[in-house]
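Here's the structure we're looking at; comments come further down.
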Amino acid sequence: MAELESAEKLPSDEQTAAPAASQAPTSQDDSLVETAEEAVEPPEADINELCRDMFSKMSCYLTGELVATSEDYKLLENMNKLTCLKYMEMKDIAANISRNLKDLNKKYASLQPYLEQINQIEEQVAALENAAYKLDAYSKRLEAKFKKLEKR
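By full-length UniProt numbering, the letter at position 20 of the sequence shown is numbered 20, and the numbering carries on one by one without gaps.
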């Protein structure tokens, strides 16, 4: 691009052939004054070369964009694979937990009759303890009556 700008600023053979009389001397620099001959379009070959350069750079840019997009999709694919593996691990863990829970439920069911017997024994012990307290209270009253009768 810098070559193009410097080429535009350099006078061409046609531009140097223009008479110097057409330019009026001013207080500004003569290189800043533009004449009709300086506004000549570059030759066709330069435009073709610039178009080729533009298309090659555009191709490079688009290739880079496509490569970046492709890399993004590869990253997403890898993340999806890892997520799938994690979910498979979690599925295995959940299956193990479910299996262990079923085993525990079976063991609890097999222990249920014994637990019911323990509850019955506990109820019987509570009833026996209550009867013992009543018997103790009755014996204390009986002893008190006996002592009362003995004193007479």
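The beta-carbon is built from N, C-alpha and C at its ideal position, and this holds for glycine as well.
These numbers come from a predicted model, not from an experiment.
- Separation of aspartate 92 and lysine 102 (C-alpha to C-alpha, rounded to the nearest whole angstrom) is 15 Å.
- Just so you know, the alpha carbons of alanine 137 and tyrosine 114 end up roughly 34 Å apart.
- The three-state secondary structure of arginine 152, taken from DSSP, is coil.
- Note on geometry: alpha-carbon atoms of glutamate 143 and alanine 127 lie some 24 Å from one another.
- Going by C-alpha positions, aspartate 46 is about 16 Å away from lysine 57.
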